[in-house]
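S.K.:
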Amino acid sequence: MSDGNKTEQATPRRRQKAREKGRVARSQELPAALVLFTAVLLLWWQPLGVAAPWRDFFRQILNAAVSSELTVTTPVLAWSIIEAVRWAAPVVLAAWCMAVAAMLAQGGFIFSPAALAPDVARFNPVSNLGHLFSFAGLSRLLKSLIPMAVLAYLFVSVMRRDWAGLLHANRMGVRAALGWMMTHAFEFAWKGALVMLFWSGADYFLQRFHFERSLRMSQQEIREEAKEAEVNPEVRRRLRRLQLEMRRKRMVQDVSRATVVITNPNEYAIALEYQPETMPAPLVIAKGRNRLAQQIKQAARWHGIPLVENRPLAQALYRAVEVGQAIPEKLYTAVAEILAFIYRAQARAQAAAAGHAAGRRPVEG
14 MSDGNKTEQA TPRRRQKARE KGRVARSQEL PAALVLFTAV LLLWWQPLGV
64 AAPWRDFFRQ ILNAAVSSEL TVTTPVLAWS IIEAVRWAAP VVLAAWCMAV
114 AAMLAQGGFI FSPAALAPDV ARFNPVSNLG HLFSFAGLSR LLKSLIPMAV
164 LAYLFVSVMR RDWAGLLHAN RMGVRAALGW MMTHAFEFAW KGALVMLFWS
214 GADYFLQRFH FERSLRMSQQ EIREEAKEAE VNPEVRRRLR RLQLEMRRKR
264 MVQDVSRATV VITNPNEYAI ALEYQPETMP APLVIAKGRN RLAQQIKQAA
314 RWHGIPLVEN RPLAQALYRA VEVGQAIPEK LYTAVAEILA FIYRAQARAQ
364 AAAAGHAAGR RPVEG
């Protein structure tokens, strides 16, 4: 059904199904931006409070160096760890709380077995490289480069504004030079944190817009969902079993149209159909596990459909593609290699058959 007919807002049931699959409106950049902003804010708020402990800490180290020999048994390491923890603990704790709050605000923590299922296609470097140069991959790359470009512009603008001070930094005292460096570093830090915060906020609203758009339903889908909710659970279970059995029988029948059947070899079987003249990409017309996989392979042998064993590809296709859908871009390369192998084998067989027929042709005399 085309997206033009999906004009209604998603129902709670549809949202629940999407959540069970691990799909929520979420920006990956927002928690990191909030953590950075919180850390910069706390570092600005507490510098005077931490100066005295660090001063006492260094004084103790110098006294220990003067009064005794520094060895591995000297408690300098313990002092260092204690002071570092005292200084970093508030910042780390606040940043962690902000990251958790950002996750909760974007749908909370979601445990989805479907999203956590292993996908061997992720480890295929060829398909991953093709996915990187797809439109979605280039969009993500551009989305990452824009804030980096803004941060680079901020850094250059700050340096150009006070370039004279940088050139004369070697004439300053140590305290003045450190103060100048810390002032400009903190200026760049809080401006960069604001840029990342605004950018991640815009990214969140963009992700939410696309998510809500993907959940839209047609009026027919809403009626079917309401009708399904009204059916008795036992009757619904029987209907689902009948529908599943009918789909399985139809899938086995559709194997006759397949170009190739990819197997695991015993657990999975996926039938692909590809007509280069009419199809932009191969379609999955049947798939099954265990007993259904054996039925698909038996039907393929009956109709003379090639069977190709490829364990990673079979598992990836079974998990990633539903029946009637085209294979994803990340699997194009792997499937194309198999189809090319089959086409070459068929061409050789046809050439051999033609040569054999020509050799048996009677000589006219």
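Letter by letter, the sequence shown follows residues 14 to 378 in the working numbering.
Yeah, the Cβ is synthetic: ideal placement off N, Cα and C, and Gly gets one too.
These numbers come from a predicted model, not from an experiment.
Grab the span of the beta strand (DSSP E) containing residue 298 for me, first residue to last.
M.R.: It spans 296-302 - the beta strand (DSSP E) in which residue 298 sits, taken as one unbroken run.
S.K.: For residue 276, report the span of its beta strand (DSSP E) as first-last.
M.R.: That run of the beta strand (DSSP E) goes 273-276.
S.K.: Is any beta-carbon of chain D found at less than 8 Å from that of residue 356?
M.R.: The displayed structure is made up of one protein chain only, and chain D is not part of it.
S.K.: What span of residues does the beta strand (DSSP E) with residue 286 cover, start to end?
M.R.: Element bounds for residue 286: 281-286.
S.K.: For the ligand MN, I want to know if residue 291 counts as a neighbour, meaning its beta carbon is within less than 7 Å of at least one of the ligand's heavy atoms.
M.R.: No copy of the ligand MN occurs in the structure displayed, which carries no ligand at all.
S.K.: Measuring alpha carbon to alpha carbon, tell me which of 226, 171, 319 and 37 ends up nearest residue 19.
M.R.: Comparing Cα-Cα distances from residue 19 to each of 226, 171, 319 and 37, the minimum goes to 226.
S.K.: Once the 5 residues before and after residue 295 are set aside, which same chain residues still bring their CB inside 6 Å of it?
M.R.: Around residue 295: 285, 287, 340 and 348.
S.K.: Just checking my contact of residue 57 with residue 203 at CB under 8 Å: how many whole Å lie between their CB atoms?
M.R.: Right, the Cβ-Cβ distance comes to about 7 Å (below 8 Å), so this counts as a contact.
S.K.: Considering only the beta carbon of each residue, do residue 274 and residue 308 sit closer than 8 Å?
M.R.: Going by C-beta atoms, residue 274 is not nearer than 8 Å to residue 308.
S.K.: Closest to residue 427 by C-alpha separation, out of 314, 157, 44 and 201, would be which residue?
M.R.: The chain is shown only over 14 to 378; residue 427 falls outside these bounds and no answer can be derived.
S.K.: With H, G and I counted as helix, E and B as strand and the rest as coil, what does DSSP make of residue 334?
M.R.: It is coil, neither helix nor strand.
S.K.: Measure the alpha-carbon distance for residue 176 versus residue 55 and round it to whole angstroms.
M.R.: Near 28 Å, if we compare the C-alpha coordinates of residue 55 and residue 176.
S.K.: With 16 as the cutoff for other CB atoms within 10 Å, does residue 215 come out buried or exposed?
M.R.: So residue 215 counts as exposed.
S.K.: Could you name the residues of the same chain whose beta carbon sits closer than 8 Å to that of residue 120, not counting the 5 residues immediately before and after it, in chain order?
M.R.: So the qualifying residues of the chain are 32, 37, 38 and 39.
S.K.: Using the rule of at least 16 other Cβ atoms within 10 Å of the residue's Cβ for burial, across every protein chain shown, is residue 49 buried or exposed?
M.R.: Classification of residue 49: buried, given that the 10 Å Cβ count is 16 or more.
S.K.: How is residue 33 classed by DSSP in three states: helix, strand or coil?
M.R.: Three-state DSSP puts residue 33 in a helix.
S.K.: Give me the residue from 320, 338, 343 and 47 with the minimum Cα distance to residue 352.
M.R.: Selected option, being the one with the closest Cα: 320.
S.K.: Per DSSP, what kind of secondary structure is residue 339 in: helix, strand or coil?
M.R.: Strand.
S.K.: Per DSSP, what kind of secondary structure is residue 433 in: helix, strand or coil?
M.R.: Lying outside 14 to 378, the shown extent of the chain, residue 433 is not represented and no answer is given.
S.K.: If you follow the beta strand (DSSP E) that residue 322 is in, where does it begin and where does it stop?
M.R.: Counting along the chain, the beta strand (DSSP E) containing residue 322 begins and ends at 320-322.
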